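Residue numbers (my numbering): 79 to 319.
C-beta atoms are modelled at their ideal positions from N, C-alpha and C, and glycine is treated no differently.
Model, not experiment: these values are computed from the prediction.
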Ligand SMILES: O=C(O)c1cccc(C(=O)CC[C@H]2O[C@@H](n3cnc4c(=O)[nH]cnc43)[C@H](O)[C@@H]2O)c1
């Protein structure tokens, strides 16, 4: 199994790499290599390896970084991972959400009758579906909520916006900014995609003091520690080469 994990910032990449390290050493800085202009940390797993790449914030940066990495190396699975906003109470602070759907929640057109998503406009897709079995196994192994994860270009900052998104996506568990970009690049290479988010804040009124980024990064590391064996097993059962 050769997985590419794409995060927005280095702190998220460090959490993922720590989770995939059997005996992490908190003192030794992570050795990173530069590949195609992006910082990458390598983790070896039984029967394969995971490359953790720092791709930047937002769907465009994530898509560019993912497509660059997929053009330079051969992967069998792509994962968008990082912190995200949780739709509470379903996804409380410090919890994990594994996407059963990766949704472009603000890609489309505003009309007098409301938002029309890009697929309804006839210009492409607004949803990517992870492999159902793999997503379910990852959620089970990590204790995560299995739910749609929304990709937005602007962090929700009001109760009205949160309500608008929840009304359109009543099952949504989390909101972030990179998943759909990663998924579009993965789809271009015919690769399966996952998204895993650790909840750092509640989706709603902007309250920076309420963000718990440190706790979310810890949950992200724990999540990848639990996911490691699931990824290895899935690779053994789904890769015949
Ligand atoms: O409102 C602020 O000033 C503020 C404070 C801390 C972080 C931000 C971000 O814009 C972080 C975006 C970054 O983190 C992910 N993320 C985390 N929570 C959310 C959210 O509620 N909605 C969307 N994205 C979120 C995101 O994937 C980015 O990588 C702002």
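Comparing C-alpha distances from residue 282 to each of 269, 303, 241, 204 shows the shortest one belongs to 241. In terms of CA proximity to residue 95, 119 leads the group 119, 80, 230. Screening all residues for a C-beta within a distance smaller than 6 Å of any heavy atom in ligand 1 leaves 86, 135, 160, 161, 162, 163, 230, 233, 234, 253, 254, 255, 256, 278, 279, 281, 284, 286, 289, in chain order.
Listed as beta-bridge partners of residue 253 by DSSP are 163, 228. Assignment of residue 308 by DSSP, reduced to helix, strand and coil, places it in the helix class.
Short of 6 Å from the beta carbon of residue 233, and not among the five residues preceding or following it, lies no beta carbon of its own chain. Relative to the Cα of residue 246, the nearest Cα in the group 150, 181, 128, 107 belongs to 181. Assignment of residue 280 by DSSP, reduced to helix, strand and coil, places it in the strand class. Each residue's CA atom was taken as its position, placing residue 117 and residue 111 some 6 Å apart.
When only Cα atoms are considered, residue 187 and residue 195 end up about 6 Å apart. In the three-state scheme derived from DSSP, where H, G and I count as helix and E and B as strand, residue 222 is classed as coil. Residue pairing of residue 122 in beta bridges, as defined by DSSP: 127. In the structure shown, the three-state DSSP call for residue 93 is helix. Setting aside the 5 residues that flank it on each side, residue 293 is surrounded in the same chain by 171, 172, each with a C-beta closer than 7 Å to its C-beta; the list follows chain order. For residue 239, the enclosing alpha helix (DSSP H) starts and ends at 237 to 246.
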